Amino acid sequence: MSHLSILPTLVTDLDLLEIALHAEGFRVQCGGIVSSFDRHQAVDLAAYHPSGLQLGWRRTGDQDQLDLIADLSAPAGSGRTESALRRVLRRYALNTALREAGQFDAETVTGAV
Numbered sequence: 019m020s021h022l023s024i025l026p027t028l029v030t031d032l033d034l035l036e037i038a039l040h041a042e043g044f045r046v047q048c049g050g051i052v053s054s055f056d057r058h059q060a061v062d063l064a065a066y067h068p069s070g071l072q073l074g075w076r077r078t079g080d081q082d083q084l085d086l087i088a089d090l091s092a093p094a095g096s097g098r099t100e101s102a103l104r105r106v107l108r109r110y111a112l113n114t115a116l117r118e119a120g121q122f123d124a125e126t127v128t129g130a131v
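Residue numbering for the sequence shown follows this note's numbering, beginning at 19 and increasing consecutively.
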């Protein structure tokens with residue numbers, strides 16, 4: 019049976035994360051729910067992919083970083099989850115670097131990577 023895993027991340031900016039998720043084809047909802055079978059977790063940012071993949075992020079107790087909520091054990095989606103997450107986090111890292119360099123333009127970076 020699948021379950022939801024909660025993993026700490028280095029992600030801190032929900033706006034840049036949302037841009038990265040949209041660029042990877044996810045529908046994003048602020049204040050959503052991520053579900054797996056009978057488990058549901060409230061998240062600050064929920065991402066739903068047309069393939070059925072669900073990812074969510076919520077603030078941790080210290081509010082500086084975000085935890086990832088995902089079903090990493092789903093047999094049909096395991097590989098898809100990992101590769102999608104890698105692509106999203108790569109885009110997030112690029113967006114963060116561009117913003118820090120003063121080169122960030124949300125419309126331009128959605129097609130990059």
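Here a beta-carbon is modelled for each residue, glycine too, at the ideal position from N, C-alpha and C. No experiment lies behind these values; they were computed from the predicted model shown.
Three-state secondary structure (DSSP) of residue i
i	result
A102	helix
Y90	Note that residue 90 is Leu in the sequence shown here, rather than Tyr. Reduced to three states, the DSSP call for L90 is coil.
D33	helix
A115	helix
L63	strand
L107	helix
L28	coil
L22	coil
Whole-number beta carbon distance between residue j and residue i, since they are thought to touch under 8 Å
i	j	result
S83	V29	Sequence check: residue 83 is Gln here, not Ser. Correct: roughly 7 Å between the Cβ atoms.
G50	A64	3 Å
R108	S69	The Cβ separation is near 19 Å, so there is no contact.
T27	D85	7 Å
CB of residue i within 8 Å of CB of residue j, strictly
i	j	result
L25	V106	no
L34	R117	yes
Q59	I87	yes
Residue closest to residue i, alpha-carbon to alpha-carbon, out of the options
i	options	result
V46	Q121, G74 and D31	G74
L22	A111, R77, R98 and D89	D89
A102	G43, T27 and D31	G43
One or two residues paired with residue i in a DSSP bridge
i	result
H58	S53
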